[in-house]
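Notes follow the structure.
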Amino acid sequence: MPKDEELQEINESILAEAYQLYLHEKVAWILEDEFFGSDSKAKSNFGGWVPITEDGITVKGVFYNKEKTKAVYEATFNLQTGKASSKDSVRDLTADEKDEIKIRETITNAVRTLDNLPACPEGCTFNVETTRIDEDLYRVYFMLGTSQRGIIPFGCDFSYDCDSKGNVKEFRRYHNSYIPAPLTMDGEPVRELIHSHTSICPYIAPTDIALFLLYGYESTGLKGFKVYSSALKCYFVFDAENYEIKVENR
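Residue numbering for the sequence shown is 318 to 567, as defined by the numbering used here.
Structural data, given as structure tokens:
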């Protein structure tokens, strides 16, 4: 078991990474809904989109054409107000936007062509989120998504660390299996969620927290969940209200 100070640093790092993962996925839902729910003519020439964080407060989704030369639509989400806005925007992509598109496509394509990728459970899809760790290191998360109501799709998640050329540096697996967590039992809301981790991931995973925030916290009265670490013989408790991880029964 790590010492208290080291454990706190580990948990703070997990919380920071989890929030970025949650934010990317949440904003993706909102911005894609803005675009695909609009009557924009740009949808007929849609090639993809890339998120750009402008000022730490606003995330802009730049939707580009199939030729990857022009922005055709922009949607923004304000993190403070929780409001989204959008507009048709036919203009040339900036050099920075082109670079970001190229890097993300290079990394994602490189990872998707790897052998022996873990299988996706029936009824789920892999949501692929790419976060920048530093100047030339990206982390590509494969995190489950589902349209099935009333569950949190924990499990079967993993990540690859890559440089900007798509060279894989490290692989991490967070769970060995699919762990769908029901939000109701016999028609009643569940009061507590708990699952266990082995030595492959002895702490709460960033994906655990992101999925709980996306599928549990925002739609139920649940305030958190627990992970039992068989390797460290303790419980890690995520408290969504205070956005912190507590350790029990050390």
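Ideal placement from N, C-alpha and C gives every residue a C-beta, glycine not left out. Just so it is clear, the structure is predicted and the values come from calculations on it, not from any experiment.
Beta strand (DSSP E) segment containing residue i, residue limits
i      : result
Ala548 : Ala548 -> no beta strand (DSSP E), and no H or E assigned at all.
Arg408 : 401 to 409
Arg449 : 441 to 451
Ser476 : 475 to 479
Val367 : 363 to 370
Glu384 : Counting along the chain, Glu384 falls outside any beta strand (DSSP E), and DSSP gives it neither H nor E.
Ala498 : 495 to 499
Pro470 : 468 to 472
N-terminal and C-terminal residue of the alpha helix (DSSP H) that residue i is part of
i      : result
Leu528 : 523 to 529
Glu391 : First-last for Glu391: 387 to 395, but that is the beta strand (DSSP E), not the alpha helix (DSSP H).
Glu428 : The sequence given here has Val at residue 428, not Glu. 412 to 429 is the span of the alpha helix (DSSP H), which, as asked, contains Val428.
Lys343 : 321 to 353
Environment of residue i [buried if 16+ CB atoms lie within 10 Å]
i      : result
Leu461 : buried
Lys398 : Rather than Lys, the amino acid found at residue 398 in this sequence is Thr. Exposed, because fewer than 16 other Cβ atoms sit within 10 Å of the Cβ of Thr398.
Gln337 : buried
Glu351 : buried
Thr447 : buried
Rounded separation between residue i and residue j - CA only
i      : j      : result
Leu431 : Asn493 : 18 angstroms
His512 : Tyr552 : 10 angstroms
Asn484 : Gly538 : 42 angstroms
Cys437 : Ile469 : 15 angstroms
Pro506 : Leu500 : 6 angstroms
Ile420 : Arg466 : 34 angstroms
Cys441 : Pro319 : 35 angstroms
Ser547 : Asn566 : 12 angstroms
Pro435 : Asn426 : 16 angstroms
Lys540 : Glu323 : 26 angstroms
Ser464 : Gly504 : 19 angstroms
Ser536 : Ile374 : 24 angstroms
Contact belief for residue i with residue j at Cβ below 8 angstroms, rounded distance in angstroms
i      : j      : result
Leu396 : Val379 : That pair is no contact at about 17 angstroms.
Thr524 : Asp474 : 4 angstroms
Tyr339 : Ala498 : Actually they do not touch by this definition, with Cβ atoms about 16 angstroms apart.
Ile562 : Ile521 : 6 angstroms
Cys479 : Val428 : 7 angstroms
Tyr381 : Ile418 : 7 angstroms
Min CB distance residue i to chain C below 7 angstroms
i      : result
Ile496 : In summary, chain C is missing from the structure at hand, where a single protein chain is found.
Using 8 angstroms as the Cβ pair cut-off and three pairs as the minimum, do the segment 336 to 348 and the segment 381 to 388 touch?
Contact between the segment 336 to 348 and the segment 381 to 388 is absent, because fewer than three Cβ pairs lie under 8 angstroms.
Pair every Cβ in the segment 548 to 558 with every Cβ in the segment 364 to 375, then say whether three or more of these pairs are closer than 8 angstroms.
Too few Cβ pairs lie closer than 8 angstroms, so no.
Evaluate contact between the segment 479 to 493 and the segment 511 to 526, counting only Cβ atoms and requiring at least three cross-stretch pairs below 8 angstroms.
yes
Please determine if the segment 450 to 459 and the segment 401 to 413 are in contact, where contact requires at least 3 C-beta pairs separated by less than 8 angstroms.
By the Cβ rule, the segment 450 to 459 does not count as touching the segment 401 to 413, because fewer than three pairs are nearer than 8 angstroms.
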